[in-house]
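>
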Amino acid sequence: MSHFFSDQSLLIRYYLYRATMSVGFITPIFTLFLLRSLTYTQFAVLSSLYSVLAVVSEVPTGYVSDRLGRRASLLLSVAFTVSSVAGFVITNGFVPYACLYALWALALTFRSGSIDAWLYDILGERSDADQFSRVRGRGDAIQNWTAAISMVGGGLLYGIEPTYPFIAAAVFNSVGFVALLSLPKNSQYAEGGTADRPGPLAAFSVIRDHLVRPSLWSLVVYIGLFYAVVGVAQGYIQPMVIETVAPAVTAFGVDLPQGPTAARTGQAGPTLAFGVGVLSAALTAVAALGGYYAGRIENRFGVRRAVVGVSMITAAMLVVPLWVGVVALPTFAAMRTSMPILKPIANGYINDHTQTVGRATTLSVVSMGYMALRTPLSLGTGVVADATTATTAVAALGVLFLAGGSTVWLFGSVAPKSNRYRN
């Protein structure tokens, strides 16, 4: 009974940490905040810079995590997150924003492989690593539910003063330090741990041996392209709301900024800011359900069918709002839901096919591939959005994945060994 209580307590503390990872206060208004002083192309350059820095730093930070410990890496991630979010309160303009994006990239890379490596190993040490998809998915759900609640507050705060959501986010994310310090280290990093810690050459060997396997490389390319497409597309939800949803709302007598020009200049009064916050909260609550049931979806369909089915349906939905604007709402929901469903499933599969030694480094390489794909997509999407509309640019992303993903699926073997289901 005491062992059961200990495991439950550990999960509660892990879920608390996942809640503090939420940046819901700034999510619904972030793009609009930047577009007050930037063009779509400048916004795209910042996103590409973020991707490039993430690519460059993924392997080194994953290696640091494997050498010094996953919890130490996660603490650094919180520090960089808080510094970046707070910076938006006191700076303005393209160059200062570029520096803040650099901090944000470091925050991402210090946690990208570490959080899943820590969870997979701690479950293996204390209970059953086969519970990874379920626990990780529920952690995603809790993070999304927390974000949904704070998004409404972020919309309200933005209507009062645009910097207030960033102040609230910095304070909230700081709680992550306390939550992380309550979590245990993995056994190989605890005092007296005996597990090997890889040197640079050993880490490279682990990466090479794992990622050349047919069971992994096709999945990594396929899922990396999907993450890149959806990650870029999510940055355009707010201007798409102004282009597609605001005109329909205005027809009912509500006076809101609308159209491509309003979207490009980040126009948002208190009513629109609150509306975007509520919409984002609703979408995130739906996304939380996807993460919560990720384990069940894997059990029901298997890794391969879940990954291919969810990704293809989502990509197809990105195209539809170009002709039927009202479909933008379910498209937004699909964008937000697909990644919480697929990340626990895909990362669980990757964990199953890697070893404890170098696991964080391997997962960081996977994230590096996703960010490398995202870099040119960010630039291209920004140019297309400036030349046409945000809705057109997102539709182009959907077409790109339908073509590229189908090619990988036809000529590769996405998650061929997917008959191992988790309870």
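First residue of the sequence shown? That's 644 in my numbering, and the numbers climb one at a time after it. C-beta atoms are modelled at their ideal positions from N, C-alpha and C, and glycine is treated no differently.
1) With a Cβ-Cβ cutoff of 8 Å, do Ala-977 and Thr-957 count as a contact?
2) Output the residue ranges of the alpha helix (DSSP H) runs that lie fully inside the stretch 943-1008 and measure 4 residues or longer, sorted by chain position.
3) Can Gly-867 and Gly-1041 be called in contact, C-beta distance under 8 Å?
4) Name the residue from Asn-990, Ile-792, Gly-1055 whose alpha carbon lies nearest to the alpha carbon of Ala-925.
5) Tell me the start and end of each unbroken alpha helix (DSSP H) in the stretch 661-746 that is at least 4 residues and wholly inside, in chain order.
6) Return yes when the Cβ of Ser-1021 is within less than 8 Å of the Cβ of Ser-694, no when it is not.
7) Taking the alpha-carbon positions, what's the Val-818 to Ala-662 distance?
8) Would DSSP call Gly-756 helix, strand or coil?
9) For Ala-1039 and Ser-830, I'd like the C-alpha separation in whole angstroms.
10) If you draw a straight line from the alpha carbon of Leu-965 to that of Ala-1030, how long is it in whole angstroms?
11) Leu-718 to Val-821, Cα distance in whole Å?
12) Determine the closest residue to Lys-828 out of Val-967, Leu-766, Thr-1024, with distance taken between C-alpha atoms.
13) Going by beta-carbon coordinates alone, are Gly-1048 and Met-982 separated by less than 8 Å?
14) Given that a residue counts as buried once 16 or more other Cβ atoms are within 10 Å of its Cβ, and exposed if not, what is Glu-606?
15) Just to confirm the assignment, what range does the alpha helix (DSSP H) spanning Gly-782 have?
16) How far does the alpha helix (DSSP H) with Leu-826 in it reach, from first residue to last?
17) Classify Pro-671: buried if its beta carbon has 16 or more other beta carbons within 10 angstroms, exposed otherwise.
18) Roughly how many angstroms separate the alpha carbons of Phe-815 and Val-1057, rounded to a whole number?
19) Which parts of the stretch 1006-1034 are runs of the alpha helix (DSSP H), unbroken and 4 residues or longer, counting only runs that do not cross its ends?
20) Could you pull the start and end residues of the alpha helix (DSSP H) that Ile-885 belongs to?
21) When we look at the beta-carbon of Thr-752 and count the other beta-carbons within 10 Å, is it buried (16 or more) or exposed?
22) Sort Ala-750, Arg-710, Ile-993 by Cα distance to Ser-720 and report the nearest one.
23) Measure the alpha-carbon distance for Pro-1019 versus Arg-943 and round it to whole angstroms.
24) Say whether the stretch 665-679 touches the stretch 794-814, bearing in mind that this needs 3 or more beta-carbon pairs closer than 8 Å, one atom from each stretch.
25) With DSSP collapsed to three states, give me the class of Gln-831.
26) Which word fits Ala-1046, buried or exposed, when buried means at least 16 other C-beta atoms lie within 10 angstroms of its C-beta?
27) DSSP on Val-1057, reduced to helix/strand/coil?
Taking the coordinates as given:
1) Translated into positions along the sequence shown, residue 977 becomes position 334. Translated into positions along the sequence shown, residue 957 becomes position 314. Taking 8 Å as the Cβ cut-off, Ala-977 and Thr-957 qualify as a contacting pair.
2) 971-995
3) Position 224 of the sequence shown, counted from the start, is the residue given in the question as residue 867. Position 398 of the sequence shown, counted from the start, is the residue given in the question as residue 1041. Result no, Cβ atoms of Gly-867 and Gly-1041 do not sit closer than 8 Å.
4) Counted from its first residue, the sequence shown places residue 925 at position 282. Per the Cα distances, Ile-792.
5) 673-678, 683-711, 713-733
6) Counted from its first residue, the sequence shown places residue 694 at position 51. Counted from its first residue, the sequence shown places residue 1021 at position 378. Yes.
7) Within the sequence shown, the letter at position 175 stands for residue 818. Within the sequence shown, the letter at position 19 stands for residue 662. Straight-line Cα distance between these residues: approximately 10 Å.
8) Within the sequence shown, numbered from 1, the residue matching residue 756 stands at position 113. Note: Gly-756 maps to coil in three-state DSSP.
9) Translated into the one-based positions of the sequence shown, residue 1039 becomes position 396. Translated into the one-based positions of the sequence shown, residue 830 becomes position 187. Cα to Cα, Ala-1039 sits roughly 47 Å from Ser-830.
10) On the sequence shown, position 322 is the one that residue 965 refers to. On the sequence shown, position 387 is the one that residue 1030 refers to. About 15 Å.
11) What you label residue 718 is simply residue 75 of the sequence shown in a count that begins at 1. What you label residue 821 is simply residue 178 of the sequence shown in a count that begins at 1. Near 10 Å, if we compare the C-alpha coordinates of Val-821 and Leu-718.
12) The count along the sequence shown starts at 1 and reaches residue 828 at position 185. That would be Leu-766, whose Cα lies nearest to the Cα of Lys-828.
13) Along the sequence shown, one-based indexing puts residue 1048 at 405. Along the sequence shown, one-based indexing puts residue 982 at 339. Contact flag unset, no.
14) The question about residue 606 has no answer here: the residues shown for the chain are numbered 644 through 1066.
15) By 1-based counting over the sequence shown, the position of residue 782 is 139. 775-803 is the extent of the alpha helix (DSSP H) around Gly-782.
16) The residue you call residue 826 lines up with position 183 of the sequence shown. From DSSP, Leu-826 is part of no alpha helix (DSSP H); its letter is neither H nor E.
17) Walking along the sequence shown from the start, residue 671 turns up at place 28. It is buried - the Cβ of Pro-671 has at least 16 other Cβ atoms within 10 Å.
18) As a working note, residue 815 is residue 172 in the sequence shown. As a working note, residue 1057 is residue 414 in the sequence shown. One C-alpha to the other measures close to 39 Å.
19) none
20) Looking up residue 885 in the sequence shown gives position 242. No alpha helix (DSSP H) contains Ile-885, which DSSP labels as neither H nor E.
21) Here residue 752 is taken as the residue at index 109 of the sequence shown, counted from 1. The residue is buried, with at least 16 neighbouring Cβ atoms inside 10 Å.
22) Numbered from its first residue, the sequence shown carries residue 720 at position 77. Ranking the options by Cα distance to Ser-720, first place goes to Ala-750.
23) By 1-based counting over the sequence shown, the position of residue 1019 is 376. By 1-based counting over the sequence shown, the position of residue 943 is 300. Spanning the two alpha carbons is a distance of roughly 35 Å.
24) yes
25) As a first step, residue 831 must be located in the sequence shown, where it is residue number 188. Residue state, collapsed to three classes: coil.
26) Taking the sequence shown and counting its residues from 1, the one referred to as residue 1046 is at position 403. Exposed, by the Cβ-count rule.
27) As a position in the sequence shown, residue 1057 is number 414, starting the count at 1. Here Val-1057 sits in coil by DSSP.
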